[in-house]
Structure formats: structure tokens, C-alpha cells
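In the working numbering, the protein residues as written are 235 to 467. Cβ coordinates follow ideal geometry from the N, Cα and C atoms, glycine included. Working notes, structure below.
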Ligand code: B1M
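Okay, here's the thing in C-alpha cells:
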């Protein structure tokens, strides 16, 4: 029993499956401290960062997404859930990004104009760092001018764009067109991702590849870099 008289659940008393289920509930309820504690407990129990990310955090957010879609949860609750998810991700970040080696390439990434979803983009950034890339994150609501300015400033190998809304995904094409207008489209590998996209869309807007998830984004980025370096050798 906690000092304020409420029952406090001892997360350490739960077995792994119960703890993961409790973390889904805590994420749903926006309880960031509990999600962080659960994440730490699973790490202590020898779980890999990837497994915690996928089984506890991403799966918890999927459940939130279903109830958001169905009108059971609303923006304020989903914001709290997102905050809890970010708490867990902050614990995992150094583990996912652990590399120590010289960067194998540079990526500029951002969520496109009109869109403020950043959890998926942040995950992609972490996985790219884990794969050995230096990542410049432009944040959310990024317009074409900001992308172009960042390309000029950072000279990356890859431009990554994220969109979570059917209304914002067409803006990716605007950015790619802006690259074409400047005659610099082929200077960059353009990767796109986000829940409403698919491969067909990626091809239609002239991206080099659509990436279904963060792990695939990291694999795809590596494969393109190796191919490009091979062609230059
Ligand atoms: Co929003 N939202 N939301 N939301 N939200 C969705 C996207 C939605 C599908 C929910 C639903 O109805 N089921 C729906 C979109 C419908 C549509 O367009 N068809 C929606 C809506 C409608 C809205 C608002 C319009 C709601 C409103 O205001 N009425 C509003 C829009 C605000 C805006 O952007 N202008 C809004 C707001 C919000 C919150 C602010 C409350 C919050 C965002 C908080 C934040 O991100 N900081 C939020 C959230 C959390 C969601 C859901 C529930 C979860 C998104 C998420 O984080 N998923 C989402 C429902 C859903 O997707 N199931 C929803 C977890 C994340 C790990 O997955 O982002 O898909 P994901 O990323 C994956 C892949 O897609 C891929 O890799 C990632 C990791 O594996 N990937 C990339 C993503 N980006 C990539 C970039 C790459 C490569 C891969 O580059 C190379």
C-alpha cells in the first residue's frame, strides 16, 4: 500500500508476460514512470533492447492506436501515452544506438510539414544510429525549405522523411520535386516511411525506397550506402 493509501503494484513481482501486459496498460494510461521502470526491469532480466521495444512499447502503442481510431481514446490521452512511450525509448536509446565505430554515413530526417507525429521517426533515427549512421533530426512539421537548408548545411548521404497522416504524405512529393527543381535529386538517397505509406506510393513520388519499419529503414540505408560506395570504388 502506498503512502497516499492507494494500492501500488510491485512490477518486480510480476513474471515477464505479466509485466509486458502491465506495461501495455501503463502505456495506455500514460504512466511514464511505470513504463520506464518496466523497461529497466526487463533489461535487468536480460531482455534485448529490440525485444522490449517491439513487444512492450510498440505493441502497447498499437493498442492505443486502435482505440484512438475507434474513438475510445482522444488526443490528450494519446499524448500522455506517447509521452510514456518516449520515456521507455529514452532508456533504450543508448543501447539501440551503441556502436562506437566511425559513422558509415549521414542521414537528415524529419516529419513532413503539417504532421507532428514523431515517435516512429525517432525510432528510425535510433535504429539508424545503431546501424552506425550519424543522424541529424529536423523534428516535426518540416517544410521543403528546411529540408533543403539542412541538406546544404549537413551534406548527408540520405534524406529520410516520415508522415503519419494521409493528408501529409503527399508533401513528400513536394520535397522531392524541390530537390529536382534545384538539380540535386540524385545527390541524395531518399527514403520514406510512415504507417499510411506503401511501396507503390514511394515509387510514385520518386523516393528511392519505402521503409515499412525502423529496422528495415536501417537495413535499407546500409544497403544503399554500400551500393553507392561500391559504384564509386
Ligand atoms: Co495521430 N493519427 N493524430 N496522434 N496517431 C494516427 C496516425 C491515426 C492513424 C490514428 C487513427 O485514426 N487510427 C490517424 C491518421 C489517420 C489518417 O491519416 N489516415 C491520426 C490522426 C487522425 C491524428 C489527428 C488528426 C487527430 C486529431 O487531431 N483529430 C492529429 C494530427 C496532428 C498532426 O500531426 N497535425 C493526431 C495527433 C496525434 C497525437 C499528437 C495525439 C499523437 C502523436 C504524438 C507524437 O508522435 N509525439 C498521435 C499518435 C500517437 C497516433 C498513433 C496512435 C500512434 C502513432 C505512433 O506513434 N505509432 C497513430 C495510430 C497508429 O499509427 N496506429 C495515430 C508507433 C510508431 C512506432 O509507429 O509512427 O507507424 P509509426 O512508425 C513506424 C513506421 O511507420 C516506420 O517506422 C516506424 C517504427 O517502426 N516509419 C518510418 C515511420 N516514419 C518513418 C520514416 C522513415 C522510415 C520508416 O524514413 C526513412
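Beta carbon of residue i, beta carbon of residue j: below 8 Å?
| i | j | result |
| --- | --- | --- |
| residue 354 | residue 428 | yes |
| residue 325 | residue 289 | no |
| residue 344 | residue 381 | yes |
| residue 298 | residue 315 | yes |
| residue 360 | residue 449 | no |
| residue 384 | residue 363 | no |
| residue 408 | residue 441 | no |
| residue 313 | residue 342 | no |
| residue 431 | residue 422 | no |
| residue 425 | residue 394 | yes |
Using the DSSP secondary-structure output, state which residues sit across from residue i in a beta bridge.
| i | result |
| --- | --- |
| residue 368 | 340 |
| residue 403 | DSSP output for residue 403 lists no bridge partner at all. |
| residue 376 | 346 |
Does DSSP classify residue i as helix, strand or coil?
| i | result |
| --- | --- |
| residue 441 | coil |
| residue 424 | strand |
| residue 392 | strand |
| residue 346 | strand |
| residue 363 | helix |
| residue 276 | helix |
| residue 417 | coil |
| residue 397 | coil |
| residue 332 | coil |
| residue 242 | coil |
| residue 236 | Model confidence at residue 236 stands at a pLDDT of 43, short of 50, so the residue's coordinates are unreliable and nothing is read from them. |
| residue 265 | coil |
| residue 296 | helix |
| residue 307 | coil |
| residue 457 | helix |
| residue 446 | coil |
| residue 249 | coil |
| residue 429 | coil |
Let me confirm a value: residue i is counted as buried when at least 16 other C-beta atoms fall within 10 Å, else exposed. Which label applies?
| i | result |
| --- | --- |
| residue 390 | buried |
| residue 347 | buried |
| residue 282 | exposed |
| residue 452 | buried |
| residue 258 | buried |
| residue 386 | exposed |
| residue 286 | buried |
| residue 365 | buried |
| residue 436 | buried |
| residue 356 | buried |
| residue 438 | exposed |
| residue 339 | buried |
| residue 271 | buried |
| residue 367 | buried |
| residue 306 | exposed |
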